[in-house]
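Take a look at the structure below.
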Amino acid sequence: MTGIVLVTHAGLGESMRHQAEVILGRMIQLTTVSISYGADPDSALIELVGALTISADTDGAVILTDLPGATPHNLAVKAAERHAMPVVSGLNLPMLLKVINHSDKPPTELAALAGMGGHQGIVNT
Numbered sequence: 072m073t074g075i076v077l078v079t080h081a082g083l084g085e086s087m088r089h090q091a092e093v094i095l096g097r098m099i100q101l102t103t104v105s106i107s108y109g110a111d112p113d114s115a116l117i118e119l120v121g122a123l124t125i126s127a128d129t130d131g132a133v134i135l136t137d138l139p140g141a142t143p144h145n146l147a148v149k150a151a152e153r154h155a156m157p158v159v160s161g162l163n164l165p166m167l168l169k170v171i172n173h174s175d176k177p178p179t180e181l182a183a184l185a186g187m188g189g190h191q192g193i194v195n196t
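Note that the sequence shown covers residues 72 to 196 in this note's numbering.
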């Protein structure tokens, strides 16, 4: 199984995880890393690299971030370069559910599914 790591602004990743667990009716194996406003980027990067090391399984991990270009995303990209892990930004609940339900896929395939799930979850009626 591919590891799943959420790197988000403070509280968002934990809330997304909770909602996914409520919807799926089970505990979910994933790691959340919250980046607080005003956090020291160097310290946050060290924490994130440690979380990736712990979260990755033999297949690796996929990293989901909330906002492209924001500090959590930028730190995730830096950390991912060290571990050759894909980063997908624009986290929404459909994206997360797609990733959870297909976590048996390798990281690059799971990243593609994440993007697809995120797009499928955007509906304009």
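Note that the Cβ used here is the ideal one computed from N, Cα and C, for glycine as well.
Counted as a single uninterrupted DSSP element, the alpha helix (DSSP H) harbouring Ala182 occupies residues Pro178 to Gln191. When DSSP states are grouped into helix, strand and coil, Gly96 belongs to the coil group. When Ala81, Met187 and Ile75 are compared, the shortest CA-CA separation from Thr142 is found for Ala81.
Contact annotation: the region 165-183 touches the region 116-131, with at least three C-beta pairs closer than 8 Å. Per the Cβ contact rule, the region 140-157 is in contact with the region 106-113 (3 or more Cβ pairs under 8 Å).
In the three-state DSSP reduction, Val159 falls in the strand class (E or B). Here Gly192 is near Leu164, since their CB atoms are less than 8 Å apart.
Nearest to Ala182 by alpha-carbon distance, out of Asn195, Thr196, Val78 and Met166, is Met166. Here Leu135 is near Val170, since their CB atoms are less than 8 Å apart. For His80, the pairing in a beta bridge is given by DSSP as Ile106. Here Leu162 is buried. Its C-beta has 16 or more other C-beta atoms within 10 Å. Secondary structure note for Ala122: its alpha helix (DSSP H) is the uninterrupted segment Pro112 to Ser126.
CA-to-CA, the gap between Thr73 and Leu123 works out to about 12 Å.
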